[in-house]
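What the sequence shown shows, in this note's numbering, is residues 1 to 365, in sequence order.
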Amino acid sequence: MSLIARTGPQEYECRVGVLDSLTEKLRVRGITKVLIIHGTDSWDKAKNYLTQLMDSDITLEFALFNGECTHEEVDRIVGLISQTQAEAVIGVGGGKLMDAVKFAADKSSGVESVLIPTLASNCAPWTPLSVMYTAEGVCLGFVIHTKQVNLLVIEPNLLLDAPVDYFVAGIADTLAKWYESDVVLSRPEYQTNALLLLSRAAALNCRDSIVNYGLQAVKDIQNQTLTPAFIQVSETIIAVSGLVGGLGDGYSRSTVAHAVHDKLTAFPETHTFLHGEKVGYGIMVQLAIEENWAEIDRLAVFYESLNLPKTLADLNLSDLTEEQLGEVAAKVAVDPILLQSQYRVSKEVIQGGMRSLENYLATTV
1 MSLIARTGPQ EYECRVGVLD SLTEKLRVRG ITKVLIIHGT DSWDKAKNYL
51 TQLMDSDITL EFALFNGECT HEEVDRIVGL ISQTQAEAVI GVGGGKLMDA
101 VKFAADKSSG VESVLIPTLA SNCAPWTPLS VMYTAEGVCL GFVIHTKQVN
151 LLVIEPNLLL DAPVDYFVAG IADTLAKWYE SDVVLSRPEY QTNALLLLSR
201 AAALNCRDSI VNYGLQAVKD IQNQTLTPAF IQVSETIIAV SGLVGGLGDG
251 YSRSTVAHAV HDKLTAFPET HTFLHGEKVG YGIMVQLAIE ENWAEIDRLA
301 VFYESLNLPK TLADLNLSDL TEEQLGEVAA KVAVDPILLQ SQYRVSKEVI
351 QGGMRSLENY LATTV
């Protein structure tokens, strides 16, 4: 077997007040010129935590992210890095921005990436890969990078100040780590590989942390109360979930749930839904394919409490024809992430699972 471990950032720290130490962290790395790529609303909040950096002697340049992680946007950031002669590029924002910054740093010789997430919505800040989209928001797949993030720093209060729906989407995306990977990692031939055992343990930790503390963490962000539960779930979403694929490579990165998400992005009706929300629906499809109705029953209660989509109607796709459903299933069946993980499933089985899920939930509501 071929397994390449890309465990995570070279340095990671999550604590209240951590951004006050960012200037010193840059100095010890010999970084004196920085390009900051940021969003809009999130930047209005994040910049208040960066006053020490702003007042330092480190040269700062700023640029607004265009909203989609496209190849064109990555190349634009590469050009900005060259133009400003930046030694590091700092990304401040959400997952797509993180992915664009990582890719741009990887394509720029001698330039490090520093990430400051403003959302706990996925593991993008952790992973050395970027999920690429078209300008219209259609997923193209992912690109793995040759170098990892140099520095990832998380201010918990910044995550707490984010929209609740992004946090809920992060919960669903992280929950998928277990359901997508266990069917592969539980195979007998993988029980003697040390890294795959660690990957499976991380995936189990994702499920347990989300199930045990997820609802409490959502209440905490709604009440704007920083608690151990909120911090644990946030770190699970960003760091522990990133370790699953980091340790397990293609054997545990993703399977049906993410493949379903990727193909549903072709429908404009789904563009109002976040990545994790569509992945959450994909978990249900995978469980239906595996005929694990008991787990669907258990998760349905959890989903309802968080208003996560369980059916095509929940994703504004109730009018999807059987022909369209077959087209989606055919594309899912040959998705590279399924082929790489060795999760073999046919177009007919996927289409049948999607239809069975609709029928089953219609009779259990």
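Beta carbons: idealized from backbone N, C-alpha and C, even for Gly.
- Counting only runs of 4+ residues, no alpha helix (DSSP H) is found wholly inside the stretch 186 to 215.
- Of the other Cβ atoms in all chains shown, 16 or more fall within 10 Å of the Cβ of residue 70; this residue is therefore buried.
- Following the DSSP letters along the chain, one finds residue 62 inside the beta strand (DSSP E) bounded by residues 59 to 64.
- For residue 142, the enclosing beta strand (DSSP E) starts and ends at 139 to 144.
- Pairing residue 133 with residue 68 gives a Cβ-Cβ distance under 9 angstroms.
- By the Cβ rule, the stretch 194 to 212 counts as touching the stretch 232 to 246, because three or more pairs are nearer than 8 angstroms.
- Annotated as distal: residue 137 and residue 93, with beta-carbon spacing of 9 angstroms or more.
- Contact between the stretch 22 to 41 and the stretch 172 to 182 is not established, with fewer than three Cβ pairs separated by less than 8 angstroms.
- Shortest Cα-Cα distance from residue 8 to any of 151, 30, 196 involves 151.
- Three or more beta-carbon pairs drawn from the stretch 82 to 101 and the stretch 25 to 36 are found closer than 8 angstroms, and the two stretches are therefore classed as touching.
- For residue 53, the CB contacts under 6 angstroms within the same chain, skipping 5 residues up- and downstream, are 22, 23 in chain order.
- By the Cβ test, the stretch 150 to 169 is in contact with the stretch 117 to 124, since at least three Cβ pairs between them sit closer than 8 angstroms.
- By the Cβ-count criterion, residue 362 is exposed, with fewer than 16 other Cβ atoms from all chains shown falling within 10 Å of its own Cβ.
- DSSP places residue 284 in the helix class (H, G or I) of the three-state scheme.
- For residue 36, the three-state secondary structure derived from DSSP is strand.
- In this structure, the beta-carbon distance from residue 345 to residue 289 falls below 9 angstroms.
- Relative to residue 1, the option among 60, 189, 77 whose CA is nearest is 189.
- DSSP places residue 155 outside both helix and strand once states are collapsed to three, so it counts as coil.
- In the DSSP assignment, residue 112 forms a beta bridge with 88.
- C-alpha of residue 141 to C-alpha of residue 128: approximately 14 angstroms in a straight line.
- Beta-carbon to beta-carbon, residue 287 and residue 278 are separated by about 15 angstroms, too far to satisfy the 8 angstroms threshold.
- Within its own chain, no residue has a Cβ closer than 7 angstroms to the Cβ of residue 110 once the five positions on either side in sequence are excluded.
- Here residue 130 carries a strand assignment [DSSP, helix/strand/coil].
- For the 9 angstroms CB-CB criterion, residue 338 and residue 256 form a contact.
- A direct Cα-to-Cα measurement between residue 95 and residue 102 gives close to 11 angstroms.
- For residue 93, the beta-bridge partners assigned by DSSP are 117.
- Non-local beta-carbon contacts of residue 262 in its own chain, meaning distances under 6 angstroms to residues more than five positions away in sequence, involve 139 in chain order.
- Going by C-alpha positions, residue 222 is about 14 angstroms away from residue 213.
- Between residue 26 and residue 166, the gap from beta carbon to beta carbon reaches 9 angstroms or more.
- For residue 14, the pairing in a beta bridge is given by DSSP as 154.
- A straight line joining the alpha-carbon of residue 149 with that of residue 5 spans about 14 angstroms.
- In this structure, residue 181 lies near residue 254, with their beta-carbon atoms less than 9 angstroms apart.
- In this chain, the alpha helix (DSSP H) harbouring residue 23 covers 22 to 28.
- Taking 9 angstroms as the cut-off, the beta carbon of residue 147 is found no closer than this to the beta carbon of residue 173.
- Judged by DSSP secondary structure, residue 41 falls within the alpha helix (DSSP H) whose first and last residues are 41 to 46.
- Out of 347, 97, 135, the CA that lies nearest to the CA of residue 125 is found in 97.
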